[in-house]
Ligand SMILES: [Zn+2]
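In my numbering, the protein residues as written are 22 to 281.
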């Protein structure tokens, strides 16, 4: 979700490569993709920093719900070496994010949209799908940096020994992004892919994938209610009719994987 993927193509000139084949085939078979160990390490470090910076929610109901959802999803997701961790942060914005290495953060404000466990599973499965599809690395390879709160951006630039000037440019671009409150998104293709992979994961974990369509519609309604300004998450996850349609089109496949 918010995940903060920054479009910094001119900054990180790593060269581009052809997009990888889809992480899920038309039958719903999911391919698991490992992030490089350096990206995983950066993800883990960033999550540590984020936890120190933000207030972790003590709402026992939210925490219990997230841990139940996470436990069920983890059982059906085999990502070797993942150090899964699912944390609720005190933040009214309905939002969530994922980091390489297996870290997922969910804002307390998300729960008023998810409303039930299947709704939450939709979002968490989508985030896990970004991780298992190694979307962050694809972005980095395409010359785009990944960041949450500006932290990983610097980590990546540092690890690549970027010149001071480059770091400043990145900082300026990042600053612009934060000022606007906009987290630049994963690519649209990656978002659609995370939706599909997420549908399969939630179905296998015993959550009715039809609930995903309902959840994203609720999210869309909330967003419209807020005059299109209600959620950073939705600025990076446009819930237009194309996206809802893509979910509905993939539902029959996901339902074949559904184990109530
Ligand atoms: Zn996403």
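Glycine is no exception: its CB is placed at the ideal position from the N, C-alpha and C atoms.
Predicted, not measured: the structure shown is a model, and the values here were computed from it.
- Boundaries of the alpha helix (DSSP H) around residue 225: 209-225.
- Beta-bridge analysis with DSSP links residue 119 to 125.
- Shown here, residue 149 sits in a helix according to DSSP, grouped into three states.
- In this structure, the straight-line span from the alpha carbon of residue 114 to that of residue 127 is close to 10 Å.
- Beta-carbon to beta-carbon, residue 103 and residue 148 are separated by about 13 Å, too far to satisfy the 8 Å threshold.
- The C-beta distance from residue 129 to residue 108 rounds to 11 Å, too long to meet the 8 Å contact threshold.
- At least 8 Å separates the beta-carbon of residue 101 from that of residue 152.
- Taking residue 269 as the centre and dropping the five residues before and after it, the same chain places the C-beta of 234 closer than 7 Å to its C-beta, in chain order.
- Taking a cut-off of 8 Å on C-beta distances, the segment 216-235 does not touch the segment 77-87, as fewer than three cross pairs fall below it.
- In the structure shown, the three-state DSSP call for residue 98 is coil.
- Distance from the C-beta of residue 215 to the nearest heavy atom of ligand 1 is below 7 Å.
- For residue 64, the closest alpha carbon among the candidates 125, 223 and 243 is that of 125.
- Within the model, the alpha-carbon separation for residue 140 versus residue 106 is close to 19 Å.
- Inside the segment 37-102, DSSP marks whole alpha helix (DSSP H) runs of 4 or more residues at positions 58-74 and 81-97, from first to last along the chain.
- DSSP, read as helix, strand or coil, puts residue 111 in coil.
- Apart from the 5 residues on each side of it in sequence, residue 94 sits with its Cβ closer than 8 Å to the Cβ of 142, 145, 146, 149, 222, 223 and 226 in its chain, given in chain order.
- The Cβ-Cβ distance between residue 46 and residue 75 does not fall below 8 Å.
- When rounded, the separation of the alpha-carbon atoms in residue 207 and residue 159 is 10 Å.
- Relative to ligand 1, residue 207 has its C-beta within less than 7 Å of a heavy atom.
- Distances from the CA of residue 92 to each of 273, 228, 210 and 155 were compared; the closest alpha carbon is that of 228.
- The residue among 73, 71, 279 and 136 with its C-alpha nearest the C-alpha of residue 237 is 136.
- Going by DSSP, residue 104 is part of no alpha helix (DSSP H) at all; its letter is neither H nor E.
- Spatial neighbours of residue 231 in its own chain (CB-CB distance under 7 Å, excluding positions within 5 residues in sequence) are listed in chain order as 272.
- Counting only residues of its own chain and dropping the five nearest sequence neighbours on each side, residue 278 has a CB closer than 6 Å to the CB of 49, 221, 224 and 225.
- The residue among 214, 59 and 97 with its C-alpha nearest the C-alpha of residue 41 is 214.
- For residue 133, the uninterrupted alpha helix (DSSP H) run begins and ends at 132-135, by DSSP.
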